[in-house]
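Residue numbers (our numbering), protein chains in the order written: chain A, 2 to 116; chain B, 60 to 176.
Structure below.
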């Protein structure tokens, strides 16, 4: 079964607009972590934001926020005020420390920001 | 944030040769390092988990005799692709978890692009 599902292979957004990238996950563990990474064409994986399963508030990091809906098992990434430099692949990932303790990635969403 | 380096960043080799890729944590000690493989337009797939001083744990379907991993120190792990073939061409990325750090911290290297002719 897919642990992490990203249903949007590609997304377009106009500069300065907000965009939401979807991510749903599957786990029976109570303790887990959810991550978003950005991968530009250079290939490096850039950590954006982390949400722990016990965190009651949604994580925020600058223009990035994570819309964590535990009951729905979703962890969508919201990017506000998009910039041209935000164009990249975005990966959602999950780690279960008391299970496999491995970072499992979704298939990614390619975001393109246009002027 | 913590820095992880990889060397080389890009390598082209002939079929049948072996290639060694280094992964170093520059400003922290890493008890655990991870090796991933990424095909074009695909996601990262974990190949193996490397713990300092012990044998690596390989994921199902990954040939341990083909992808040799050595985690000789707390700051260095190496991946050797033995007898490389064109199908081994891929983007290889390592990551490292700082010793004593929060469990969820994992820092990625910039990746190594391997092309086997």
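Cβ atoms here follow ideal geometry from the backbone N, Cα and C, with glycine treated the same way.
Predicted, not measured: the structure shown is a model, and the values here were computed from it.
Can you list, in chain order, the residues of its chain whose CB lies under 7 Å from that of residue 97 of chain A, leaving out five sequence neighbours each side? The count along the first chain starts at 1 and reaches residue 97 of chain A at position 96. Same-chain partners within the cutoff: 28, 30 and 33.
So, does the CB of residue 162 of chain B fall closer than 7 Å to a CB anywhere in chain A? On the second chain, residue 162 of chain B is found 103 positions in, with the first residue counted as 1. It does: the Cβ of residue 162 of chain B has a partner Cβ on chain A nearer than 7 Å.
Any idea which residues DSSP pairs residue 53 of chain A with across the strands? In the first chain, residue 53 of chain A corresponds to position 52, counting from 1. Residue 53 of chain A is bridged to A:34.
Minimum C-alpha distance to residue 80 of chain B - residue among B:117, B:155, B:70 and B:89: Within the second chain, residue 80 of chain B is the residue found at index 21, counting from 1. Taking only the C-alpha atoms, the option nearest residue 80 of chain B is B:70.
Are three or more beta carbon pairs between the stretch 104-113 of chain A and the stretch 61-76 of chain A nearer than 8 Å? Contact annotation: the stretch 104-113 of chain A does not touch the stretch 61-76 of chain A, with fewer than three C-beta pairs closer than 8 Å.
Within a Cβ cutoff of 8 Å, which residues of the same chain sit near residue 71 of chain A, ignoring the five residues on either side of it in sequence? Taking the first chain and counting its residues from 1, the one referred to as residue 71 of chain A is at position 70. The answer, listed in chain order, is 54.
Could you check where the beta strand (DSSP E) with residue 79 of chain B kicks off and where it finishes? Residue 79 of chain B sits at position 20 when you count from the first residue of the second chain. Note, residue 79 of chain B: beta strand (DSSP E), 78-84.
Along chain A, which residues have their Cβ under 9 Å away from the Cβ of residue 169 of chain B? Position 110 of the second chain holds residue 169 of chain B. Ordered by position in chain A, the residues that pass the 9 Å Cβ test against residue 169 of chain B are 43, 44, 45 and 46.
Using the three-state DSSP reduction, which class does residue 157 of chain B fall into: helix, strand or coil? Residue mapping note: residue 157 of chain B aligns to position 98 of the second chain, counting from 1. Strand, per DSSP.
Identify the contact partners of residue 116 of chain A in chain D, using a Cβ-Cβ distance below 9 Å as the criterion. Although the question refers to chain D, the structure presented lacks it and instead comprises the protein chains A and B.
Mind checking if residue 74 of chain A is an interface residue toward chain B, Cβ cutoff 7 Å exclusive? Your numbering for residue 74 of chain A matches position 73 in the first chain. No, residue 74 of chain A does not count as interfacial toward chain B.
When DSSP labels each residue in this structure, what does residue 168 of chain B get in the three-state scheme? On the second chain, residue 168 of chain B is found 109 positions in, with the first residue counted as 1. Reduced to three states, the DSSP call for residue 168 of chain B is coil.
Tell me the rounded alpha-carbon separation between residue 162 of chain B and residue 103 of chain A. Counting from one through the second chain, the residue named residue 162 of chain B turns up at place 103. Counting from one through the first chain, the residue named residue 103 of chain A turns up at place 102. Going from the Cα of residue 162 of chain B to the Cα of residue 103 of chain A covers about 11 Å.
I need the straight-line Cα distance from residue 8 of chain A to residue 142 of chain B, nearest angstrom please. For the purposes of this step, residue 8 of chain A is taken as the residue at position 7 of the first chain. For the purposes of this step, residue 142 of chain B is taken as the residue at position 83 of the second chain. Rounded to whole angstroms, the gap between the alpha carbons of residue 8 of chain A and residue 142 of chain B is 37 Å.
Chain A contact for residue 150 of chain B (CB, 7 Å cutoff): The residue given as residue 150 of chain B occupies position 91 in the second chain. Output row for residue 150 of chain B: interface = yes.
Compare the C-alpha of residue 46 of chain A against each of A:93, A:23, A:78 and A:12 and name the closest. For the purposes of this step, residue 46 of chain A is identified with residue 45 of the first chain, where counting begins at 1. Taking only the C-alpha atoms, the option nearest residue 46 of chain A is A:93.
Taking only beta-carbon positions, decide if residue 71 of chain A is within less than 7 Å of chain B. Locating residue 71 of chain A in the first chain gives position 70, where the first residue counts as 1. It does not; no Cβ of chain B falls within 7 Å.
With residue 85 of chain A as the anchor, note down where its beta strand (DSSP E) starts and where it stops. The residue you call residue 85 of chain A lines up with position 84 of the first chain. Careful: residue 85 of chain A lies outside any beta strand (DSSP E) and carries neither H nor E.
Which residues of the stretch 94-105 of chain B have a Cβ closer than 9 Å to any Cβ of chain A? Give them in chain order. Listed by position, the residues of the stretch 94-105 of chain B near chain A (Cβ gap below 9 Å) are 95, 97, 100, 101, 102, 103, 104 and 105.
Inter-stretch contact at 8 Å, needing at least 3 Cβ pairs: the stretch 144-152 of chain B / the stretch 113-123 of chain B: Verdict: no, contact absent.
Starting from residue 108 of chain B, find everything on chain A with Cβ-Cβ shorter than 9 Å and list it in chain order. Within the second chain, the letter at position 49 stands for residue 108 of chain B. Ordered by position in chain A, the residues that pass the 9 Å Cβ test against residue 108 of chain B are 102 and 103.
Evaluate residue 22 of chain A with the Cβ neighbour count: other Cβ atoms within 10 Å of its Cβ, from every protein chain shown; 16 or more gives buried, anything less gives exposed. Here residue 22 of chain A refers to the residue found at position 21 of the first chain. When all chains shown are included, residue 22 of chain A counts as buried.
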